[in-house]
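Trainee: If you're matching positions, the sequence shown starts at 1 in the UniProt record's numbering and goes up one per residue.
From the three backbone atoms N, C-alpha and C, an ideal C-beta is built for every residue, glycine too.
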Amino acid sequence: KELEEYQDPVADMGLEFLTSELIGDIVVFSEHAQNVQPTLNDVKMAIKMRHRTTASTSKDQLRERVNACNTAKLPRNFVASVELPKPQDDNYTLLQRNYRVKTNDDFDDEDDEMDKNINTELPVLPPSM
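Written out as structure tokens, the structure reads:
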């Protein structure tokens, strides 16, 4: 299983943490809410938590912190994909800058390239006598 990891430190509000650490947190919050997959609320919760501490946190500490913050369960929104927040002046703009999402356009470009190659590399038939 080849996973691409982005290990660039993210400087935001004077704190630094790795995108991969944040993704780990999101998974913990998602599991806590018993979601099928992470929701936007899990993403926001993870970012809020990261803004409160610079120390790397263990999963057990994270769970304790979530339980302290959540008297109620996180909302169970079942979504096909996590929609990133729209650009605006809030705490979550770091998502825009640091998540690289492969869009359908990327896949389309590859297909276009292949079509071009097929068209240009057709064998030239010798003229019939």
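What are the start and end residues of the alpha helix (DSSP H) that includes Val27?
Mentor: Where Val27 is concerned, the enclosing alpha helix (DSSP H) stretches over Thr19 to His32.
Trainee: Quick check on Val43: does DSSP put it in helix, strand or coil?
Mentor: Reduced to three states, the DSSP call for Val43 is helix.
Trainee: Count the other C-beta atoms from every protein chain shown that fall within 10 angstroms of the C-beta of Asp42, then say buried if there are 16 or more, exposed otherwise.
Mentor: By the neighbour-count rule (16 or more Cβ atoms within 10 Å), Asp42 is buried.
Trainee: For Ser30 and Thr19, what's the separation of their Cα atoms in angstroms?
Mentor: If I take the Cα positions, the gap works out to 16 Å.
Trainee: Whose C-beta lies closer than 6 Å to the C-beta of Met45 among residues of the same chain, with five residues either side of it excluded?
Mentor: If we look at Met45 and ignore the five residues flanking it on each side, its Cβ neighbours are Phe29.
Trainee: What's the C-alpha gap between Arg63 and His32?
Mentor: Rounded to the nearest angstrom, the two C-alpha atoms are 7 Å apart.
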